[in-house]
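Chemist: First, the structure itself, so that you have it in front of you.
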Amino acid sequence: MNLDERIDAAGRDLRVRLAPDAPDFGALLRRRHRTRAVRRSVGGVLAVAVALGIVIPLATTHARSTITLHTAAGTGSAEAGRPSGNPPNKAPAPAGIVTVPNVVDQNKVQAMQTLQQVGLDIALVGRVDPAVPVGVVISQSPAPGSRMERGSQVTVIVSSGGVPLDTVDWAAVSYPVSCGGTPVGTVAGYPEPMPAHQLAVVYVDCAHGAGSPPSAVLVYDYATSSTTPHLLQTLLTYQDDWSPAPKGFSATGSQLSIHVYGYSGSAPRCCPNINTTLYWSWTGSSYRETSSETTHATLPN
Amino acid sequence: MADHPERGVDEPVAAWSPAGDFEAFWRAEYPAIVRITYALTGRRHVAEELAQDAFVAAYRHWAEISSYDRPGAWVRRVATNAAISSLRRRSAELRAITRLGLRRPPPSVVEIPEPDAQVWSALRSLPRRQSQVLALMVVDDLSVSEVAKVLQVSEDTVRTHARRGREALARRLGSEGVA
């Protein structure tokens with residue numbers, strides 16, 4: 279048979295041979311939703327575990343083997359998962375049944391307040407979860423809407439951060455930087471994830487010879503897509519006359535800082551003569567430069 | 292080709308009919324989309340992941356897509372574009388692996404040797420448009436006008452890509468001494 283026929287025959291053969299049944303779409307969608315939720319910083323460790331097929335012991339059993347913190351006014355007598363008999367505040371609680379409020383996605387202070395308001399005790403359990411910002415509630419037990427005796431304890435699992443879940447192939451991202459060579463990105467660090475944002479600070483180099491300084495420092499948000507991270511903002515470009523120090527990036531809470539070498543007016547290109555740290559703070563949707571601190575400067579010779 | 296001799300009772304008539312409910316569309320079209328993405332990626336689990344991605348996207352926009360003449364064309368466009376992008380291929384692979392509960396692909400997982408592996412790997416080595424056009428024509432058995440609608444290009448463009456693609460494919464297969 280000629281090659282054209284062989285190609286067509288291969289197609290016919292594949293149609294017969296490969297006819298997978300469509301899986302249950304509802305289940306598929308729930309799975310996708312969970313995966314997406316992880317990336318969007320709301321789903322948390324449960325979803326990761328489900329995706330990985332791991333069974334996690336639920337909070338009530340878990341709480342006993344983990345540090346259980348009571349609120350400042352707590353009685354200290356309660357065991358996890360068992361009614362303490364007393365509310366966390368000083369006044370003895372009127373007996374009664376209360377509805378458990380939803381504290382998922384609140385930070386732990388808000389969660390304490392929310393639960394205290396209805397007269398429930400809280401047990402905080404920390405868990406490393408790269409997808410949820412530090413201090414934010416991942417899950418709770420019992421579930422919101424459950425009925426509990428006033429003074430009972432709600433176990434609240436709070437993110438204690440961790441290594442960011444980064445599936446982005448940063449080397450393959452196309453960077454909007456025009457330069458002599460191919461722009462190559464390397465992640466300088468991961469700022470603390472902000473609600474609905476998974477951030478990475480990327481140094482972009484022009485791959486044209488050794489020793490070329492980063493030509494841009496960019497902030498990417500990969501919460502919604504690990505294949506095409508969203509360019510959130512440009513922190514620095516080469517035109518800014520700053521040259522970021524290779525290990526000069528750091529992120530603390532909502533603040534970023536980059537240690538840079540700079541040039542005063544007459545300095546030659548070879549030799550940066552100003553040593554400065556630039557700071558940015560998170561404003562809810564991007565970083566704003568707040569201040570710079572010249573830590574060291576030498577006068578040009 | 293235009294008459295779909297192979298589209299039998301259980302094959303996607305629904306896809307090419309207007310509107311319809313999503314579930315029926317999904318069941319009818321899923322195998323065909325997997326075949327296309329499989330031919331373009333060569334990996335079964337990646338192919339399924341990409342096909343599912345396309346349907347999830349279709350589901351999200353179903354109100355709009357279901358009103359199109361051919362929802363099947365839409366989902367084919369999304370799936371072939373995704374399959375072509377090596378980046379997405381990678382990420383679908385990652386997700387598939389994650390779903391299988393593995394951190395990295397175990398060396399023991401080997402795709403079953405394909406009887407026509409050479410044809411498909413030659414197809415994948417073609418330029419983007421040519422491989423898309425040929426996957427839709429050869430694997431999905433679409434006509435020139437149907438492919439044009441899927442890829443939103445003119446029929447002449449489809450014919451050109453198909454001709455060049457077939458020539459290149461024949462050259463590649465011929466040079467490997469396969470006949």
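Line by line, the protein sequences are chains S and R. Okay, so the first sequence: first residue is 279 according to our numbering, each after it adds one. Okay, so the second sequence: first residue is 292 according to our numbering, each after it adds one. Think of the CB as a built atom: it goes at the ideal place given N, C-alpha and C, for glycine as much as any other residue.
Throw me the rounded Cβ distance for the E470(S) and P411(S) pair, which I believe falls under 8 Å.
Modeler: 6 Å
Chemist: Between which two residues does the beta strand (DSSP E) holding R425(S) run?
Modeler: 425 to 427
Chemist: Using a Cβ-Cβ cut-off of 7 Å (strictly less than) and excluding sequence neighbours within five positions of S445(R), which residues of its own chain qualify?
Modeler: A439
Chemist: Tell whether a beta-carbon distance below 7 Å holds between W353(R) and A300(S).
Modeler: no
Chemist: Alpha carbon to alpha carbon, how far is V325(R) from D291(S)?
Modeler: 14 Å
Chemist: What number of angstroms, rounded off, separates the C-alpha of T512(S) from the C-alpha of D383(S)?
Modeler: 29 Å
Chemist: Any idea if R293(S) is buried or exposed, counting beta-carbon neighbours within 10 angstroms, 16 or more meaning buried?
Modeler: Buried, since its Cβ has 16 or more Cβ neighbours within 10 Å.
Chemist: Using a Cβ-Cβ cutoff of less than 7 Å, which residues in the same chain neighbour W560(S) once the five nearest sequence positions on both sides are dropped?
Modeler: M472, S532
Chemist: Just reading off the alpha helix (DSSP H) that T506(S) is part of, what are its end residues?
Modeler: Counting along the chain, T506(S) falls outside any alpha helix (DSSP H), and DSSP gives it neither H nor E.
Chemist: Cβ atoms of I435(S) and V479(S): under 7 Å apart, would you say?
Modeler: no
Chemist: Strictly below 8 Å CB to CB, what residues from chain R border P298(S)?
Modeler: Y321, P322, V325, E339
Chemist: From E567(S), M426(S), N385(S), M390(S), pick the residue whose C-alpha is nearest to that of G374(S); which is it?
Modeler: M426(S)
Chemist: State the beta-bridge partners of Y565(S) as determined by DSSP.
Modeler: W560(S)
Chemist: Anything in chain S within Cβ reach of D441(R), meaning under 9 Å, just list it in chain order.
Modeler: One point to set straight first is that residue 441(R) is Val, not Asp, in the sequence displayed. In chain order: nothing, as chain S lies at least about 16 Å away.
Chemist: Tell me the DSSP secondary structure of S521(S) in three-state form.
Modeler: S521(S): strand per DSSP, three-state reduction.
Chemist: Hey, could you find the ends of the alpha helix (DSSP H) L427(R) is sitting in?
Modeler: L427(R) -> no alpha helix (DSSP H), and no H or E assigned at all.
Chemist: Using only alpha-carbon positions, find the residue among G304(S), T554(S), K525(S) that is nearest to A466(S).
Modeler: K525(S)
Chemist: So V538(S) and L510(S) are supposed to be a Cβ contact under 8 Å. How far apart are they, rounded?
Modeler: In fact, because the Cβ distance is near 20 Å, the residues do not count as touching under 8 Å.
Chemist: Mark Q443(R) as exposed unless 16 or more other C-beta atoms lie within 10 angstroms of its C-beta, in which case mark it buried.
Modeler: exposed
Chemist: Could you check which residue in R351(R), A426(R), A330(R) has the C-alpha nearest to that of R308(S)?
Modeler: R351(R)
Chemist: Check this for me: beta carbons of A374(R) and T448(R), under 7 Å apart or not?
Modeler: no
Chemist: Check whether chain S comes within 7 Å of V369(R), counting only Cβ atoms and requiring the distance to be less than that.
Modeler: no
Chemist: Taking Cβ-Cβ distances shorter than 9 Å, what residues in chain S pair up with L318(R)?
Modeler: According to the sequence as given, residue 318(R) is Arg; it is not Leu. Chain S residues near R318(R): D299, A300, F303.
Chemist: Locate the alpha helix (DSSP H) running through A494(S), then write down its first and last residues.
Modeler: Per DSSP, A494(S) belongs to no alpha helix (DSSP H); it is in the beta strand (DSSP E), 494 to 499.
Chemist: Do you know how far the Cα of Q395(S) is from the Cα of T377(S)?
Modeler: 11 Å
Chemist: Got a sec: which bits of the region 432 to 465 of chain R sit with their beta carbon under 8 Å from any beta carbon on chain S, in order along the chain?
Modeler: D432, R457, L460, A461, L464, G465
Chemist: For my contact list, R295(S) and V410(R) are in at a C-beta cut-off of 8 Å; report their separation, rounded to the angstrom.
Modeler: That belief does not hold up - the Cβ atoms of R295(S) and V410(R) are roughly 13 Å apart, past 8 Å.
Chemist: Measuring straight from C-alpha to C-alpha, what distance separates L496(S) and T502(S)?
Modeler: 17 Å
Chemist: Excluding the five sequence neighbours on either side, which residues of its own chain have a C-beta within less than 8 Å of the C-beta of S493(S), listed in chain order?
Modeler: V455, C457, P461, V482, D483, C484, T515, Y516
Chemist: Give a yes or no on whether the minimum CB-CB distance between G463(S) and chain R is below 7 Å.
Modeler: no
Chemist: Expressed to the nearest angstrom, what Euclidean distance is found between the alpha-carbon atoms of L534(S) and L477(S)?
Modeler: 11 Å
Chemist: Thinking R450(R) and V430(R) are a contact (beta carbons under 8 Å), I'd like their distance in whole angstroms, please.
Modeler: Not quite, the Cβ-Cβ distance comes to about 18 Å (not below 8 Å), so this is no contact.
Chemist: Using the C-alpha atoms, what's the distance from P298(S) back to S412(R)?
Modeler: 21 Å
Chemist: How many Å lie between I400(S) and S417(S) at the Cα?
Modeler: 13 Å
Chemist: Terminal residues of the continuous alpha helix (DSSP H) containing Q395(S)?
Modeler: 386 to 395
Chemist: In the DSSP assignment, find the unbroken beta strand (DSSP E) run with G467(S) in it and report its ends.
Modeler: Residues 460 to 467.
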